[in-house]
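Position 53 (the sequence shown) corresponds to 49 in this note's numbering; numbering is contiguous. We put the beta carbon where it would ideally sit given N, CA and C, even for glycine.
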Amino acid sequence: MGPPSAPIDVGAATGDAVGRARPSRLGIGHGGGRALIIASVSTIAFFGVIGLVIVNAPGWPRFQDKFLNGKVFVESFPLIAGAFWVNIQLFVLAEALILVLAMVVAVLRGLPGPVFFPVRLLSTVYVDVFRAVPGVLVIFILALGIPGLRIEGLPTDPFVWAVVALTLLYTAYVSEVYRAGIESVHPSQAAAARSLGLSHWQALRFVVLPQAVRRVIPPLLNDFIGLQKDTALVSFVGVVEIFRQSQIRQSGSFNFTPYLATALVFLIVTIPLARLVDWLLDREKGRRMAGVAR
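Right under this line is the structure:
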């Protein structure tokens, strides 16, 4: 009989196989340098053809002057980037409110028993209404309509009502994300908590919600990327944020390059957040597959 063979680490072997089989986010895969070269050449060729078509178009010189004017860009970018601070304020205030209110709405929609039917109905109507109405209409109605009522004690600052409108809109969306996370937790988890003597609310708070929130972090980040972009909608009610500032610069220079500067700021902020979402999704997928392998 030969010497005993070394023990095989099944988990590590399975993890390596899963890692090799998992494609990259860009879809290149793990075929080595050849796949990377083919992908690079095809990408360069694709965008090269598009670039040649654009620069050889009859209207390219005029387009370049009106949309890609370097002098106007340099003059406009500092003011536009500075106005983005208003968007950040809108985003942070609205997000803090949304995270709390959306959880409340999601929990209310899941309350059991006929006695809570009116609460479930009202929360369902709220979600349906604010998911159906376009965001710009909600912003117009609240920021222009409510101050027009001249009710004593109500604020008239459009910034305040812009925060309220964004909060109401995205609470409806985020509550559905929370609700999906809550429903993804197996009922046996709550049943086990109840069998240990926890009340319904204690089981929800200490067992169900922590698991649900952990599972929905990536889709939550996707919603907040959308919220960050939708802060530009408040420019229609007079709030001077990044998009409104670009409109002011455009009307003063009769050039559309300030809009390019605005787009660049959003790209700088949004793309890293999108990659963070991808990383979280990959990590969660790897965790699930490692659990299956065990």
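inquiry  = Spatial neighbours of residue 279 within its chain, please: C-beta separation below 8 angstroms, excluding the five flanking residues on both sides.
reply    = Position 283 of the sequence shown, counted from the first residue, corresponds to residue 279. Excluding sequence neighbours, residue 279 sits near nothing in its chain.
query = So which of 166, 125 and 86 has the shortest CA-CA distance to residue 216?
reply = In the sequence shown, the residue the question calls residue 216 occupies position 220. Nearest of 166, 125 and 86 to residue 216, Cα basis: 166.
request  = Under 8 angstroms by Cβ, that's how I've got residue 270 and residue 221 pegged, so tell me the actual separation to the nearest angstrom.
outcome  = By 1-based counting over the sequence shown, the position of residue 270 is 274. By 1-based counting over the sequence shown, the position of residue 221 is 225. Going by Cβ atoms, the distance from residue 270 to residue 221 rounds to 6 angstroms, so yes, they are a contact pair.
Outcome for residue 57 when other beta-carbon atoms lying within 10 angstroms are tallied against a minimum of 16 = Stepping through the sequence shown from its first residue, residue 57 is reached at position 61. So residue 57 counts as exposed.
inquiry  = Check whether the region 70 to 83 and the region 258 to 269 touch, using three or more Cβ-Cβ pairs below 8 angstroms as the test.
reply    = yes
Any C-beta of chain D under 8 angstroms from that of residue 183 = Judged by its chain identifiers, the structure shown contains no chain D, having just a single protein chain.
Three-way DSSP call (helix, strand, coil) for residue 195 in this model = Counted from its first residue, the sequence shown places residue 195 at position 199. Three-state result, residue 195: coil.
ask   = At a cut of 8 angstroms, does the region 243 to 260 reach the region 62 to 73 through at least three beta carbon pairs?
value = yes
task = Using a threshold of 8 angstroms, state whether the C-beta atoms of residue 233 and residue 135 are closer than that.
result = As a first step, residue 233 is located in the sequence shown; it is residue number 237 there, counting from the start. As a first step, residue 135 is located in the sequence shown; it is residue number 139 there, counting from the start. For the pair residue 233 and residue 135, the CB atoms are nearer than the 8 angstroms cut-off.
task = State the start and end residues of the unbroken alpha helix (DSSP H) segment that holds residue 127.
result = For the purposes of this step, residue 127 is taken as the residue at position 131 of the sequence shown. Residue 127 -> alpha helix (DSSP H) spans 113 to 128.
ask   = Excluding the five sequence neighbours on either side, which residues of its own chain have a C-beta within less than 6 angstroms of the C-beta of residue 161, listed in chain order?
value = What you label residue 161 is simply residue 165 of the sequence shown in a count that begins at 1. Cβ within range, chain order: 134, 135 and 138.
query = With C-beta atoms as the reference, is residue 127 less than 8 angstroms away from residue 168?
reply = For the purposes of this step, residue 127 is taken as the residue at position 131 of the sequence shown. For the purposes of this step, residue 168 is taken as the residue at position 172 of the sequence shown. For residue 127 and residue 168, yes; Cβs fall inside 8 angstroms.
task = Give a yes or no on contact between the region 114 to 133 and the region 187 to 196, applying the rule of three or more CB pairs nearer than 8 angstroms.
result = no
task = Tell me whether residue 237 is buried or exposed, calling it buried when 16 or more other Cβ atoms sit within 10 Å of its Cβ.
result = The sequence position of residue 237 within the sequence shown is 241, counting from 1. Around the beta carbon of residue 237, 16 or more other beta carbons sit within 10 angstroms, so the residue counts as buried.
query = Hey, residue 72 and residue 257: beta-carbon distance below 8 angstroms or not?
reply = As a working note, residue 72 is residue 76 in the sequence shown. As a working note, residue 257 is residue 261 in the sequence shown. Going by C-beta atoms, residue 72 is nearer than 8 angstroms to residue 257.
inquiry  = Is it buried or exposed, residue 228, if we count other Cβ atoms within 10 angstroms and call 16 or more buried?
reply    = What you label residue 228 is simply residue 232 of the sequence shown in a count that begins at 1. Its Cβ being crowded by 16 or more others within 10 Å, residue 228 is buried.
task = State the DSSP-derived secondary structure class of residue 39, mapped to helix, strand or coil.
result = Within the sequence shown, numbered from 1, the residue matching residue 39 stands at position 43. Of the three classes helix, strand and coil, the one that applies to residue 39 here is helix, per DSSP.
task = Check residue 223 in the structure and name its three-state DSSP category.
result = Reading the sequence shown from its first residue, position 227 is the one you call residue 223. Helix at residue 223.
ask   = With 16 as the cutoff for other CB atoms within 10 Å, does residue 94 come out buried or exposed?
value = Taking the sequence shown and counting its residues from 1, one reaches residue 94 at position 98. Under this definition residue 94 is a buried residue.
Neighbour-count burial assignment, residue 272, 16 or more Cβ in a 10 Å radius = Locating residue 272 in the sequence shown gives position 276, where the first residue counts as 1. When all chains shown are included, residue 272 counts as exposed.
task = Find out if the Cβ-Cβ distance for the pair residue 173, residue 207 is shorter than 8 angstroms.
result = Counted from its first residue, the sequence shown places residue 173 at position 177. Counted from its first residue, the sequence shown places residue 207 at position 211. Not closer than 8 angstroms, so no.
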